[in-house]
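Q: Take any residue in the sequence shown, note its place counting from 1, add 5, and you have its number in my numbering.
In this text, a Cβ means the ideal position worked out from N, Cα and C, and glycines have one as well.
This structure is a prediction, so every number in the text was calculated from the model and none was measured.
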Amino acid sequence: MQLPDTESRKARCTTTPSPDARAALWHYPRFTGGRLRPLFNALCIYAARFSPWFGLKRLLYRLVGAQIAEHAAIGLGVTLDVFFPQDIQIGEDATIGYNTVILAHEFMRYAWRRGPVVIERDVTIGANCVILPGVVIGAGATVSAMSLVNRDVPPGAFVGGVPIHLLGEAARGDAG
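1. Does the Cβ of Arg118 have 16 or more other Cβ atoms within 10 Å, making it buried, or fewer, making it exposed?
2. When we look at the beta-carbon of Arg156 and count the other beta-carbons within 10 Å, is it buried (16 or more) or exposed?
3. Looking at Ala16 and Ser23, is the spacing between their C-beta atoms short of 8 angstroms?
4. Reducing DSSP to helix, strand and coil, say where Gly173 ends up.
5. Can the beta-carbon of Thr100 be found less than 8 angstroms from the beta-carbon of Ala74?
6. Is it true that the CB of Gln94 sits closer than 8 angstroms to the CB of Ile263?
7. Which residue marks the beginning of the beta strand (DSSP E) containing Gly139, and which one marks its end?
8. Quick test of your reading: Leu81 and Arg54, contact by CB under 8 angstroms. State the CB separation rounded to the nearest angstrom.
9. Using three-state DSSP, classify Thr105 as helix, strand or coil.
10. Are Thr37 and Phe88 closer than 8 angstroms when you measure CB to CB?
11. To the nearest angstrom, how far is the alpha carbon of Pro1 from that of Ala71?
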């Protein structure tokens, strides 16, 4: 098993240059449809971060357009992209650890990049990870805590590190 390069992630993303000499972040209202939608998204996502109840958390994330499976378990402190949460999909029986950040965009100095994030079924993501836009994490994969997911993760892989590298195959069955 081998990890793909980062080009597949970038190919799924759209890069848009800044319309002038200012940093691209200054122009976020143009990219997101205004200032109110990101504000609404931020309020819902902030409330979801602190809800211990998966049902309320799922409802709040769905209100902002994220696609969350019925039995996904999203830990406390998890933050979804406030500008483009509708580009995030979390599959059935996926577990996302505390304080993980899932981004569907990234602002660079004079451009911004946007791409979908797909976390397939039965994925386990450890605490304090960052997942970049355009990434697909395959079914049954495991991401070690405190990892930077900057490329696709094959189904059944165990990855970790900053940036991620292959550590082996994900464990199957009861971990206890």
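A: Let's see:
1. buried
2. buried
3. no
4. strand
5. no
6. Nothing in the structure corresponds to residue 263, since the chain is present only between 6 and 181.
7. Looking at the DSSP string, Gly139 is not in any beta strand (DSSP E), and its letter there is neither H nor E.
8. 7 angstroms
9. coil
10. yes
11. This structure does not reach residue 1, given that the chain is present from 6 up to 181, and the question cannot be answered.
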